[in-house]
Amino acid sequence: MSFTLLAVQTLNGLQLGILLFLIAAGLTLVFGVMDFINLAHGVQYMLGAYLAVAAFQFTGGFWSALPLALLAALACGLLLEVLVFRRLYDRDHLDQVLATFGVIIFLNELVKVIWGAAPLSIPLPLYLDWSVPLTDTLSYPVYRIALIAAGLLIAALLYGLVTRTRVGMLVRAGASDAEMVAALGVNIRRLFMLVFGFGAMLAGFAGILAAPIFSVEPGMGDNLLILAFVVIVIGGIGSIRGAFVSALIIGLVDTLGRSFATDIARLALPPSAANDVGPALASMLIYILMAVVLFVRPSGLFPVSSK
């Protein structure tokens, strides 16, 4: 274990945490405000990446493709809300789970029909395709640092939007008592549509940012969706602050655990046993963390009522 490797993996953990936050922020609002379990939220991340590929092929540049892909991700989210999801708001959670799982299967197959099953990618954007030297022999890509910075900026803007604006007040009130908000004359359906579309756009933005550094392929959002649910459970359902803190913690624990769990296990176990125990322990760390948090704070680290 070296300091350089620790620094690199810490940056990688922050990068994962930022992507998880962008996905989990919309998911926690949808779950908290609308009491709607949307398993298809990870598909919005995948659609954002594919739309970034399509927009790049159309415009020939990342920066010109970014706003087009972002608007397209918003449009796809609103279209899904109008055609499918709004019919599920008054149904029980089992119906929501089954229906949104069907949407996952449908959209994963749809992107195969449109773009094929082979992984796709886009080049790194202009001016960010270089590296910062960490040591004489190791550099870190500037684009990944820019991704972290962009995520932190979005987190600050989103927190300000939720805590300092009238729309944010309605969202927070809806997360606490949607029926009372509707009784006060607020168009709750329009609020639901706004929250859902904004959440889909955030997940799509995460996919757009990920497209230059990860393979764009069907099902790419499924694993991140599981982590996003862990994020909102630990952070507190409906809490943006909780989603941000929890996402960074999960990103760091998952990345550092997979990198150093075997080395740590060797401190107490023979090398052969540590090689077996380390990877298994690393894959369980975030779920162990979730269990501990729920045991100590069943409502999460930052429940909505604590805001």
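Residue numbering for the sequence shown is 20 to 326, as defined by my numbering.
The beta carbon of each residue, even a glycine, is placed where N, CA and C say it ideally should be.
Because the structure is a prediction, the values reported are computed rather than measured.
Secondary structure of Pro160 (DSSP, three-state): strand.
Closest by C-alpha distance to Val130, out of Pro317, Pro237, Asp241, Asn242, is Pro237.
Per DSSP, the continuous beta strand (DSSP E) segment holding Ser150 begins and ends at 150-152.
Between Leu85 and Leu246, the C-beta spacing is not below 8 Å. In this structure, Ala68 lies away from Val250, with their beta-carbon atoms at least 8 Å apart. Annotation for Val312: Ile253 place their beta carbon closer than 6 Å to its own, counting only its chain and skipping 5 residues before and after. A residue is called buried once 16 or more other Cβ atoms fall within 10 Å of its Cβ, and Glu100 is buried on that count. When C-alpha distances from Cys95 are compared across Gly79, Tyr64, Tyr108, Asp109, the shortest belongs to Tyr64.
With a cutoff of 8 Å on beta-carbon distance, Leu97 and Val190 are scored as not near each other. Using a Cβ distance threshold of 8 Å, Gly297 and Thr274 do not count as a contacting pair. Judged by their CB atoms, Gly36 and Leu271 are nearer to each other than the 8 Å cut-off. Between Gly223 and Leu70, the C-beta gap is smaller than 8 Å, which places the two residues in contact.
Residue burial is scored here from C-beta neighbours: Arg163 has at least 16 other C-beta atoms within 10 angstroms and is therefore classed as buried. Here DSSP, grouped into helix, strand and coil, assigns Val52 to helix. Arg260 and Leu25 have their C-alpha atoms roughly 26 Å apart. Each residue's CA atom was taken as its position, placing Val151 and Pro160 some 6 Å apart.
For Val103, the secondary structure class from DSSP, reduced to helix, strand or coil, is coil.
Residue pairing by DSSP puts Val235 in a beta bridge opposite Leu139. Ranked by Cα distance from Leu153, the options Ile207, Thr23, Thr184, Asn242 are led by Thr23. A distance below 7 Å between beta-carbons, with the five flanking residues on each side excluded, links Leu177 to the following residues of its chain, in chain order: Ala44, Ile259. DSSP places Arg208 in the uninterrupted alpha helix (DSSP H) bounded by 207-229.
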